[in-house]
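Heads up, the thing below is written out as structure tokens.
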Amino acid sequence: MTTHKLFIDGEYRAAQSGKTFDKISPSTGEKIADVHEALTEDVNDAVEAAQAALKGPWGKMPKAQRCDLLMKLADAIDARKADFMEAEVQDTGHTRGFAEKVEIPRGAANFRIFAEMLKNTGGEYFHMDTPDGTGAANLELHRPKGVIGVISPWNAPFLLMTWKVGPALACGNTVVVKPSEESPATATLLGEVMNEVGIPKGVYNVIHGFGPDSAGELLTQHPGVDGITFTGETRTGEAIMKQAAVGLRDVSFELGGKNPAIVFADADMDKAIEVTMRSCFANTGQVCLGTERIYVERPVFDEFVSRLKAGAEALIQGGPDTDGATIGPLISAEHREKVLSYYKKAADLGAQIITGGGVPDFPEGDYRNGGFFVEPTIWTGLPEDSPIVREEIFGPCCHIQPFDSEDEVIAMANDTNYGLSATILTENLSRAHRVGGQMEAGLVWVNSWFLRDLRTAFGGSKSSGIGREGGVHSLEFYTERTNLCLKL
Ligand SMILES: NC(=O)c1ccc[n+]([C@@H]2O[C@H](COP(=O)([O-])OP(=O)(O)OC[C@H]3O[C@@H](n4cnc5c(N)ncnc54)[C@H](O)[C@@H]3O)[C@@H](O)[C@H]2O)c1
Ligand SMILES: O=C/C=C/C=C(\O)C(=O)O
């Protein structure tokens with residue numbers, strides 16, 4: 025049985041709390057690991073180790089050397105891709121393709137992009153005239169914010185945790201990471217790789233546990249933590265904001281979404297199906313940027329529904345050890361109950377169930393009967409104020425609504441408390457620009473989905489987040505700025 029210990033000050037440690045919790049396989053429903061739960065003493069030790077590293081070798085290290093170390097770390101992640109893949113797919117039930125093509129490569133990329141960016145980023149300079157005529161020089165200086173608490177979710181554990189740790193370390197901070205209780209493995213393994221490449225002890229620390237009354241809450245309230253970067257549910261973000269308020273801890277939030285896809289009659293239908301098959305069903309719909317609302321211009325509505333149905337019904341259910349599986353389980357029994365409650369709600373509300381709506385029927389004795397599998401599901405016929413259309417479900421499901429005009433569909437797409445992403449399918453460039461520019465979302469893809477240029481500002485508005493991270497935008501949160509005014 026695997027054991028995931030805490031990683032503090034460069035070494036793996038048992039939790040002083042003596043408490044552990046079970047990690048259950050999403051594919052089989054069986055226990056696969058014991059995970060140590062960090063409570064007050066361990067959280068204190070982790071924060072103190074991070075503070076010591078900040079004042080010690082890491083804080084004193086020249087920027088170029090720090091960035092070179094992070095490039096070395098990225099190479100080491102690539103070199104151990106198989107180990108990270110195995111850890112990730114066993115924790116999450118992801119198909120190997122998603123982990124191999126997306127998650128683990130992004131883990132390395134998330135260090136490379138920020139190491140390269142920091143090496144090549146300067147600061148503002150303004151010359152100002154002064155009454156005595158000699159003038160003054162204004163230089164913008166960046167320094168690390170300090171100890172960053174990183175709280176990450178289970179849906180893309182390694183990608184999303186490194187998306188925060190990468191910029192934090194590149195900017196000279198140290199981190200205490202609290203991965204989701206559902207996905208401890210890759211964050212734990214990264215500690216070993218950090219040691220291998222020579223990242224000083226205390227720079228990267230991992231504490232496992234839950235949110236409320238556990239490691240997560242303790243970390244957000246710790247006076248030694250200078251900023252919290254969080255990815256997760258909106259309501260959790262609200263709780264963390266309250267917890268971080270005492271001490272005015274700065275926060276950067278990437279939260280939930282209820283993202284629309286808009287398919288115009290002039291779209292390339294093959295492309296529209298390929299894009300929405302991925303945006304609805306990739307990672308079993310457990311993607312914050314995924315599509316749960318599709319709007320299709322009426323002349324092509326029936327064709328689109330029929331082709332998406334065929335695509336959904338062709339998906340092959342299985343865990344990472346089932347060759348050819350193209351859709352995996354949901355992360356946990358609890359999350360499956362949540363998704364199935366929406367399946368029931370949709371049926372009770374009178375939705376037309378185009379496909380799915382329940383759990384797959386596997387043969388007697390099939391391992392998948394113990395896993396957390398659900399059917400990919402497509403609905404039509406519900407009103408826009410239905411909870412199915414308004415609330416984030418975070419499963420392999422979508423509701424398809426016809427529309428007749430641009431104004432109508434823009435209003436429907438924007439009628440949401442979220443503002444994370446949107447996808448537009450059209451072959452008309454002017455329309456793509458016109459409609460895309462009116463989307464109240466942080467990211468808009470045209471004829472594509474999940475194309476990610478890590479130099480761009482990433483994040484959402486409204487209930488989808490606070491702040492933007494990505495490229496130079498990450499400097500906003502991960503550094504403190506000083507304006508040095510030199511009288512000439
Ligand atoms: N915007 C994005 O980029 C993005 C990316 C991925 C996932 N998400 C969102 O994340 C959610 C799915 O992930 P999840 O279920 O792990 O989210 P979650 O909010 O349940 O948990 C996320 C993390 O927060 C911790 N946590 C929970 N309560 C806490 C508290 N009170 N104090 C401190 N920590 C606490 C959890 O232990 C976990 O590590 C979805 O809503 C999805 O939309 C958003
Ligand atoms: O489930 C949400 C995935 C978010 C992806 C990113 O944060 C990213 O691509 O940087």
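Just remember that our numbering sits 24 ahead of the position in the sequence shown, which is counted from 1. All C-beta atoms in this analysis are idealised placements derived from N, C-alpha and C, irrespective of residue type, glycine included. Every value quoted in this text rests on a predicted model; they were computed, and no experiment measured them.
Near ligand 1: A263 beta-carbon under 8 Å from a heavy atom: In the sequence shown, residue 263 corresponds to position 239, counting from 1. Because some heavy atom of ligand 1 lies under 8 Å away, the Cβ of A263 counts as near it: yes.
Candidates K511, R505, L510, C312: closest to R167 by CA position: For the purposes of this step, residue 167 is taken as the residue at position 143 of the sequence shown. Closest by C-alpha distance to R167, out of K511, R505, L510, C312, is R505.
Nearest candidate by alpha-carbon position, reference S410, set N197, N393, K282, K55: Indexing the sequence shown from 1 puts residue 410 at position 386. For S410, the nearest C-alpha among the options comes from K282.
Alpha helix (DSSP H) segments (min. 4 residues) lying fully within the segment 127-165: Runs of the alpha helix (DSSP H) spanning 4 or more residues and lying entirely within the segment 127-165 occur at 128-143, in chain order.
Proximity of R322 and D428 at Cβ, strictly below 9 Å: For the purposes of this step, residue 322 is taken as residue 298 along the sequence shown, with counting starting at 1. For the purposes of this step, residue 428 is taken as residue 404 along the sequence shown, with counting starting at 1. With respect to the 9 Å criterion, R322 and D428 are classified as neighbours on the basis of their beta carbons.
With 16 other Cβ atoms within 10 Å as the buried cut-off, status of K188: Locating residue 188 in the sequence shown gives position 164, counting from the first residue. Counting of Cβ neighbours within 10 angstroms places K188 among the buried residues, the total reaching 16 or more.
Proximity test, R130 beta-carbon vs ligand 2 heavy atom, cut-off 8 Å: Along the sequence shown, read from residue 1 onward, the residue named residue 130 stands at position 106. Result yes, Cβ under 8 Å from ligand 2.
Own chain partners of D292 with C-beta closer than 7 Å, once the 5 adjacent residues on each side are dropped: Here residue 292 refers to the residue found at position 268 when the sequence shown is read from its first residue. Same-chain partners within the cutoff: E451.
For H60 and A39, believed in contact at Cβ under 8 Å, the rounded distance: Position 15 of the sequence shown, counted from the first residue, corresponds to residue 39. Position 36 of the sequence shown, counted from the first residue, corresponds to residue 60. Taking the Cβ atoms as the reference, A39 lies roughly 4 Å from H60, within the contact range of under 8 Å.
Chain C contact for T253 (CB, 9 Å cutoff): In the structure shown, chain C does not exist; there is a single protein chain.
Ligand 1 heavy atom lying under 8 Å from the CB of I490: What you label residue 490 is simply residue 466 of the sequence shown in a count that begins at 1. No.
Assigned secondary structure, L449 (DSSP; H/G/I helix, E/B strand, else coil): In the sequence shown, the residue the question calls residue 449 occupies position 425. In the displayed model, L449 falls within a strand according to three-state DSSP.
Ranges of the beta strand (DSSP E) found wholly within the segment 37-77, counting only runs of at least 3: List check, beta strand (DSSP E) in window: 44-48, 55-60.
Selection from D102, A139, K79, I128 that minimises the alpha carbon distance to D11: Absent from the structure is residue 11, since the part of the chain shown begins at 25 and ends at 512.
Check: R322 C-beta below 8 Å from any heavy atom of ligand 2: Mapped onto the sequence shown, residue 322 falls at position 298. With a cut-off of 8 Å, the C-beta of R322 is classified as distant from ligand 2, since no heavy atom of the ligand falls inside that distance.
Which of helix, strand or coil DSSP assigns to Q425: Position 401 of the sequence shown, counting from 1, holds the residue named residue 425. If DSSP states are grouped into helix, strand and coil, Q425 belongs with the strands.
E408 CB to nearest heavy atom of ligand 2 below 8 Å: For the purposes of this step, residue 408 is taken as the residue at position 384 of the sequence shown. With a threshold of 8 Å, the Cβ atom of E408 does not count as near ligand 2, since no heavy atom of the ligand is closer than that.
Start and end residues, beta strand (DSSP E) containing P14: Residue 14 lies beyond the residue range present for the chain, which begins at 25 and ends at 512; the question has no answer from this structure.
Straight-line Cα distance separating L444 from C312: Counting from one through the sequence shown, the residue named residue 312 turns up at place 288. Counting from one through the sequence shown, the residue named residue 444 turns up at place 420. Each residue's CA atom was taken as its position, placing C312 and L444 some 8 Å apart.
Rounded C-alpha distance that separates L97 from V126: Stepping through the sequence shown from its first residue, residue 97 is reached at position 73. Stepping through the sequence shown from its first residue, residue 126 is reached at position 102. Answer to the nearest angstrom: the Cα atoms are 18 Å apart.
Distance between beta carbons of T447 and T308, contact taken as under 8 Å: Here residue 308 refers to the residue found at position 284 of the sequence shown. Here residue 447 refers to the residue found at position 423 of the sequence shown. 18 Å between Cβ atoms; not a contact.
Which of helix, strand or coil DSSP assigns to T350: Indexing the sequence shown from 1 puts residue 350 at position 326. If DSSP states are grouped into helix, strand and coil, T350 belongs with coil.
Residue ranges of each alpha helix (DSSP H) within the segment 329-385, 4 or longer: The segment 329-385 contains these whole alpha helix (DSSP H) runs: 357-372.
Pairwise C-alpha distance: N393 and P10: The chain is shown only over 25 to 512; residue 10 falls outside these bounds and no answer can be derived.
Inter-residue spacing [alpha-carbon to alpha-carbon] between P159 and L512: The residue labelled residue 159 in the question sits at position 135 within the sequence shown. The residue labelled residue 512 in the question sits at position 488 within the sequence shown. First, the residue type needs correcting, since residue 159 is Gly and not Pro in the sequence shown. G159 and L512: Cα-Cα distance of roughly 6 Å.
Unbroken beta strand (DSSP E) run spanning Y442, endpoints: Position 418 of the sequence shown, counted from the start, is the residue given in the question as residue 442. Segment: none, Y442 is in no beta strand (DSSP E) and carries neither H nor E.
Rounded C-alpha distance that separates V199 from K486: To locate residue 199, count along the sequence shown from 1; it is residue 175. To locate residue 486, count along the sequence shown from 1; it is residue 462. One C-alpha to the other measures close to 27 Å.
Closer than 8 Å: K202 CB and nearest ligand 1 heavy atom: Walking along the sequence shown from the start, residue 202 turns up at place 178. Yes; taking the cut-off as 8 Å, the Cβ of K202 has a heavy atom of ligand 1 nearer than that.
Other residues of its chain near N186: CB distance less than 6 Å, five sequence neighbours each side excluded: Residue 186 sits at position 162 when you count from the first residue of the sequence shown. Here the sequence assigns Thr to residue 186, which means Asn is not the residue at that position. The residues are G131, N134.
Buried versus exposed call for A62 [16 or more other C-beta atoms within 10 Å across all chains shown]: Position 38 of the sequence shown holds residue 62. The C-beta of A62 has 16 or more other C-beta atoms within 10 Å across all chains shown, which makes the residue buried.
Candidates D115, H457, G256: closest to I48 by CA position: Against the sequence shown, residue 48 aligns to sequence position 24. Ranking D115, H457, G256 by Cα distance to I48 puts D115 first.
Beta-carbon spacing of V299, L449 below 9 Å: Position 275 of the sequence shown, counted from the first residue, corresponds to residue 299. Position 425 of the sequence shown, counted from the first residue, corresponds to residue 449. Yes; because the gap between Cβ atoms is below 9 Å, this pair is in contact.
Sequence-distant residues of its chain with Cβ nearer than 6 Å to A192 (five each side left out): The residue you call residue 192 lines up with position 168 of the sequence shown. If we look at A192 and ignore the five residues flanking it on each side, its Cβ neighbours are I172, V199, Y502.
Three-state secondary structure assigned by DSSP to W178: Numbered from 1 along the sequence shown, position 154 holds the residue referred to as residue 178. Here W178 sits in coil by DSSP.
Backbone secondary structure at T513 - three-state DSSP: Limits of the chain in this structure are 25 at one end and 512 at the other, which puts residue 513 out of reach.
Local Cβ density within 10 Å of Y149, reported as buried at 16 or more and exposed below that: Reading the sequence shown from its first residue, position 125 is the one you call residue 149. Label assigned to Y149: exposed.
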